[in-house]
Amino acid sequence: MAAKRIVVGVAGGIAAYKACSVIRQLSEAGHQVRVVPTESALQFVGAATFEALSGQPVRTGVFEDVPEVPHVRIGQQADLIVVAPATADLLARAVAGRADDLLTATLLTVRCPVLFAPAMHTEMWQHPATVANVATLRARGAVVLEPAAGRLTGADTGPGRLPEPDEITTFAELLLARGDALPHDLSGTRILVTAGGTREPLDPVRFIGNRSSGKQGYAVARVAAQRGAEVTLIAGNTAGLADPAGVEVVRIGSAAQLRDAVSKHAPEANVLVMAAAVADFRPASVSAAKIKKGSDSEPSSIDLIRNDDVLAATVRARTDGQLPNMHTIVGFAAETGDANGDVLFHARAKLQRKGCDLLVVNAVGEGRAFEVDSNDGWLLAADGTEVALEHGSKTLMASRIVDSIAALVGDR
Ligand code: CTP
């Protein structure tokens with residue numbers, strides 16, 4: 001992506017030190033970063049650190065460098081403003097339209113997307129004043145990330161932790177790539193997402209697996225949660241991906257475990273997104289002890305039996321009236337062309353065969369779709385609509401998929 005001008009606002013919370021990683025990641029991605037801390041932020045991290053990381057001067061007040069009119073100019077020139085951490089006080093001042101320091105003045109002058117990454121104690125996050133302030137900022141078009149749950153300062157735990165720097169910069173890049181705000185339009189929608197590859201055991205130490213990294217499914221879960229959905233993520237093998245903030249994660253190993261987890265959670269879900277790479281086959285028998293070379297149990301071949309098709313079974317259950325809450329089912333297909341037809345030919349047939357409402361299609365081949373951070377493809381809908389998904393990050397692709405889900409949810 002072409003270099004952009006990004007303002008990183010830092011409010012005064014203990015998580016201010018994590019803003020350093022955000023600044024570094026955005027600078028390393030080639031963007032021009034201007035850091036605008038509050039006075040209290042400088043109680044936690046010194047101006048010299050922010051200046052060294054951004055290569056730009058750091059000011060907090062509106063009476064410094066007055067001839068340059070920084071309280072107006074910084075905001076006017078920004079392509080994006082990220083406030084991390086955004087404290088309860090900073091959110092309140094932003095809602096009130098205060099301009100009593102350089103950061104709040106900048107927030108009043110920007111016309112670009114605004115991303116707040118809140119961090120505060122759970123009580124503050126859940127206080128009606130903060131809840132109302134967050135709702136107001138979202139109604140005005142700002143993106144206010146859901147904080148992560150976990151250990152806070154001191155011994156207490158709960159929602160209020162600053163989302164990890166990776167998560168913040170992922171959304172920063174997403175807002176720059178989309179060029180518009182991310183709507184907060186999925187409140188009240190329950191979305192079940194499966195991600196990653198399943199592992200079919202042969203013995204206690206070996207399995208048959210696949211190359212799925214889980215990144216695409218995680219990105220869908222992350223974006224849907226930040227658009228307000230209540231998200232449960234059923235995660236297979238995902239190579240150590242961090243849990244997305246605000247998402248309930250259920251871990252599974254085999255295709256049978258994935259099937260059971262989907263059956264358990266599907267009745268409450270309104271949307272199912274089957275991004276997992278579910279093994280079609282499993283070994284017919286699993287050895288209780290490790291299979292040894294040269295022993296009587298040494299296999300000459302592995303017999304396989306068919307796993308249930310979870311997507312098809314869920315579509316059937318809905319058709320049979322067993323899932324009255326489920327209105328949108330999304331399948332994924334990684335396809336190659338062959339002598340019978342191209343990728344889209346096979347994908348259209350799969351959409352018909354599976355009976356889902358949307359099918360996300362990736363063309364697979366060398367360096368495409370698996371284990372990489374970017375993707376492209378098509379989104380085929382049961383009503384015949386076909387949308388090409390532009391090449392971009394898996395997060396950008398997830399946001400396009402969630403756009404289509406939100407449109408179907410909105411039509412109901
Ligand atoms: N899927 C599933 N259960 C399976 C296999 C696949 O729910 N046992 C889901 C995947 O999560 C994905 C979709 O079905 O959303 C398509 O997966 P794919 O492997 O392409 O489908 P298959 O029916 O196995 O098609 P093919 O005949 O091309 O292997």
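The numbers in full-length UniProt numbering rise by one with no breaks, and the one at position 72 of the sequence shown is 72. Glycine included, C-beta positions come from ideal geometry on N, C-alpha and C.
Buried versus exposed call for residue i [16 or more other C-beta atoms within 10 Å across all chains shown]
i: Ala155; result: exposed
i: Pro324; result: exposed
i: Gln63; result: Here the sequence assigns Phe to residue 63, which means Gln is not the residue at that position. Phe63 comes out exposed.
i: Lys290; result: exposed
i: Glu200; result: buried
i: Asn340; result: exposed
i: Arg138; result: buried
i: Asp357; result: buried
i: Ala239; result: exposed
i: Thr170; result: buried
i: Ser300; result: exposed
i: Lys264; result: exposed
Close-in-space but distant-in-sequence residues of the same chain around residue i (CB under 6 Å, 5 per side omitted)
i: Ile168; result: Val22, Ala84 and Ala117
i: Arg190; result: Glu230, Glu268, Ala269 and Asn270
i: Gly13; result: Pro85, Thr87 and Ala119
i: Val387; result: Leu379
i: Val10; result: Ala16, Ala19, Pro37 and Ala41
i: Arg98; result: Thr104
i: Ala261; result: Ile234, Val250 and Ile252
i: Val113; result: Strictly speaking, residue 113 in this sequence is Pro, with Val absent from that position. Around Pro113: Leu80, Leu175 and Ala181.
Straight-line gap, residue i to residue j (C-alpha atoms, nearest Å)
i: residue 418; j: Phe345; result: Not covered by the structure: residue 418. The range shown for the chain is 1 to 412.
i: Pro165; j: Pro244; result: 12 Å
i: Leu233; j: Val72; result: 43 Å
i: Leu192; j: Pro163; result: 21 Å
i: Arg59; j: Ala16; result: 16 Å
i: Gln126; j: Asn133; result: 11 Å
i: Leu175; j: Gly392; result: 13 Å
i: Val364; j: Ala349; result: 17 Å
i: Val330; j: Thr319; result: 15 Å
i: Gly410; j: Val402; result: 12 Å
i: Arg161; j: Ser254; result: 32 Å
i: Asp373; j: Ser212; result: 12 Å
i: His31; j: Ala92; result: 29 Å
Terminal residues of the beta strand (DSSP E) in which residue i lies
i: Gly34; result: For the record, residue 34 in the displayed sequence is Arg; it is not Gly. Arg34 -> beta strand (DSSP E) spans Gln32 to Pro37.
i: Ser40; result: Looking at the DSSP string, Ser40 is not in any beta strand (DSSP E), and its letter there is neither H nor E.
i: Ala195; result: Arg190 to Ala195
i: Leu386; result: With the sequence shown as reference, residue 386 is identified as Glu, and Leu is not the correct amino acid for it. Where Glu386 is concerned, the enclosing beta strand (DSSP E) stretches over Glu386 to Ser393.
Spatial neighbours of residue i in its chain, beta-carbon cut-off 7 Å, leaving aside the 5 residues before and after
i: Arg306; result: Asp280 and Phe281
i: Leu389; result: Asp376, Gly377, Trp378, Leu379, Met397 and Arg400
i: Leu42; result: Thr60
Endpoints, the alpha helix (DSSP H) within which residue i is located
i: Leu182; result: Where Leu182 is concerned, there is no enclosing alpha helix (DSSP H), given that its DSSP letter is neither H nor E.
i: Arg73; result: Pro70 to Gln77
i: Asn133; result: Pro128 to Ala139
i: Thr328; result: Here Thr328 belongs to no alpha helix (DSSP H); instead the beta strand (DSSP E) covers Thr328 to Glu335.
i: His265; result: Ala255 to His265
Chain-order list of residues whose beta-carbon lies under 8 Å from that of residue i (same chain, five-residue window excluded)
i: Gln76; result: Thr109, Val110 and Arg111
i: Phe44; result: Gly12, Gly13, Ile14, Ala16 and Tyr17
i: Ala48; result: none
Min CB distance residue i to chain C below 7 Å
i: Leu91; result: Annotation note: the requested chain C is absent from the structure, which comprises a single protein chain.
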